Every structure is written in C-alpha cells, then in structure tokens.
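Peer 1: Numbers 0 to 181, taken from numbering that gives the first Met the number 0, label the letters of the sequence shown in order.
Where a beta carbon is used, it is the ideal one built from N, C-alpha and C, also for glycine.
Please read all numbers here as calculations on a predicted model, not as lab measurements.
Questions regarding the structure given below will be posed in turn.
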Amino acid sequence: MKDLAFHLTDIVENSIRAGAGEIGIRLRCVGREFRMRIDDNGCGMDAETLERAVNPFFTTRTTRKMGLGLPFLFQNAEQCGGSAGVRSRPGRGTVVEARFPLDHIDCPPAGDLAGTLMQLIVGNPGVNIRIRLDCGRRSAGLATREIADALEGLPLGHPRVALHIRELLASLLEEVFRGRLI
0 MKDLAFHLTD IVENSIRAGA GEIGIRLRCV GREFRMRIDD NGCGMDAETL ERAVNPFFTT
60 RTTRKMGLGL PFLFQNAEQC GGSAGVRSRP GRGTVVEARF PLDHIDCPPA GDLAGTLMQL
120 IVGNPGVNIR IRLDCGRRSA GLATREIADA LEGLPLGHPR VALHIRELLA SLLEEVFRGR
180 LI
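Rendered as structure tokens:
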C-alpha cells in the first residue's frame, strides 16, 4: 500500500465487512505527526482473532487467502518511526490507530484523501461515516447522515453530488491541514 489513503480504504472496508453501521474516521496533525483513527460498531474480534489479524497469512475472507491490510499498516507506520495498534471486543467493534512522523523520509504520502473519503461515503450510503479533521486549533467534521439530510432525497451516488462531496472534502482538508500532509 503506497499511501495513507489506501490504508484508510482498507480499514474502512474491513469495518463494513464486519457489519459496521457507524464508522468514525479521525485524521489529525499533532506537531509534525499525522495520526489516523478509525473506529466502528461492527462485530468486533475476540483476542485470538485480534492477535492473528496482524499476521499477513491470516484472513477471514474466502476469496483472498492473505490479509495484508493491517500488517502493511503496522509495517509502514513502524518503518518511519511511528506506530499502529488495534483494539477490539466482540459485539462492540474495533478501533485502529496509526501515527506517522511527517518529516521521516519513509513516511508514506497522504494520497488522494478527498477522493478516498468521497468514495467511502458515496459507495456506502447505508453506513454513517463520521469524519473529523484536526490540526492545531483548526478542525472540521461531517457525517454521511448530515450530507444525506441536506440532499433532501437526492442520492449520494449522483455524479454531481459525488463531485461536490469531493470538492467539499478537498476544501476541508486544505483548510484544516494547510498543506501539512505530504
């Protein structure tokens, strides 16, 4: 996975496959560090599954025999002097957190965060995705339900709606992070 947006997509897709109806995404800059946290109310994992989830040769999928998402996230975070962790409880959901020092040469680039967040929202209209962006004193947030309510019945997947959501997210990311993401 070459950038942070890919990691974000993989983790959120895992949450959706685990039956999450609510997913929180928090992206933060703290000093020269980028932090991301994804929490969900999916089925969660027991201790044994949680331990195996960071093994690249473990997956719960039947079509792909390797689960590379969490192991790659952990590897990329640790490779640049950051860290990653996952907590989960059966029936309560899962929390995945990672931090990346932005000034480290091996820190993955941010990628297309606006496009990624837009695709997650538009592609999963039945899931309330709550997004929170923080950098110093600047912050912004939005949620799928708020967007859907404002659309008054127009589908999230409508091409013009998707374009406006992407533009809104790009504007919020720029306003909050002001070019601090790679």
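For leucine 112, I'd like the list of residues in its chain whose CB is within less than 8 Å of its CB, leaving aside the five on either flank, ordered along the chain.
Peer 2: Here residue 112 refers to the residue found at position 113 when the sequence shown is read from its first residue. For leucine 112, where only same-chain residues beyond five positions count, the Cβ hits under 8 Å are Leu3, Ala4, Leu7, Leu26, Leu168, Leu172, Leu180.
Peer 1: When the Cα atoms are used, what is the spatial distance from leucine 101 to glycine 135?
Peer 2: Against the sequence shown, residue 101 aligns to sequence position 102. Against the sequence shown, residue 135 aligns to sequence position 136. Answer to the nearest angstrom: the Cα atoms are 15 Å apart.
Peer 1: For glycine 231, I'd like the list of residues in its chain whose CB is within less than 6 Å of its CB, leaving aside the five on either flank, ordered along the chain.
Peer 2: Look at the range of the chain in this structure, 0 to 181, and you will see that residue 231 is not part of it.
Peer 1: At which residues does the alpha helix (DSSP H) containing leucine 112 begin and terminate?
Peer 2: On the sequence shown, residue 112 is found 113 positions in, with the first residue counted as 1. Residues 112–122.
Peer 1: Have a look at Val95, Gly81, Ile120 and flag the residue whose alpha-carbon is nearest the alpha-carbon of phenylalanine 33.
Peer 2: In the sequence shown, counting from the first residue as 1, residue 33 sits at position 34. Measuring from the Cα of phenylalanine 33, the nearest candidate turns out to be Gly81.
Peer 1: In chain order, what residues of the same chain lie with their CB nearer than 6 Å to the CB of serine 87, ignoring the 5 residues before and after it?
Peer 2: Locating residue 87 in the sequence shown gives position 88, where the first residue counts as 1. For serine 87, where only same-chain residues beyond five positions count, the Cβ hits under 6 Å are Gly43, Met44, Leu49, Thr93.
Peer 1: Take arginine 177 and list the residues in its own chain whose beta-carbon comes closer than 6 Å to its own, dropping the five residues that flank it on each side.
Peer 2: Locating residue 177 in the sequence shown gives position 178, counting from the first residue. There are no such residues.
Peer 1: Given aspartate 105, which residues of its chain have a CB within under 7 Å of its CB, disregarding the five upstream and five downstream residues?
Peer 2: Here residue 105 is taken as the residue at index 106 of the sequence shown, counted from 1. Here the set comprises Gln78, Cys79.
Peer 1: Can you tell me which of Ile22, Arg144, Gly140 puts its alpha carbon nearest to the alpha carbon of glutamate 174?
Peer 2: On the sequence shown, residue 174 is found 175 positions in, with the first residue counted as 1. Glutamate 174 has its Cα closest to that of Gly140, out of Ile22, Arg144, Gly140.
Peer 1: In whole angstroms, what is the alpha-carbon distance linking valine 53 and phenylalanine 99?
Peer 2: As a first step, residue 53 is located in the sequence shown; it is residue number 54 there, counting from the start. As a first step, residue 99 is located in the sequence shown; it is residue number 100 there, counting from the start. Cα-Cα distance, rounded: 18 Å.
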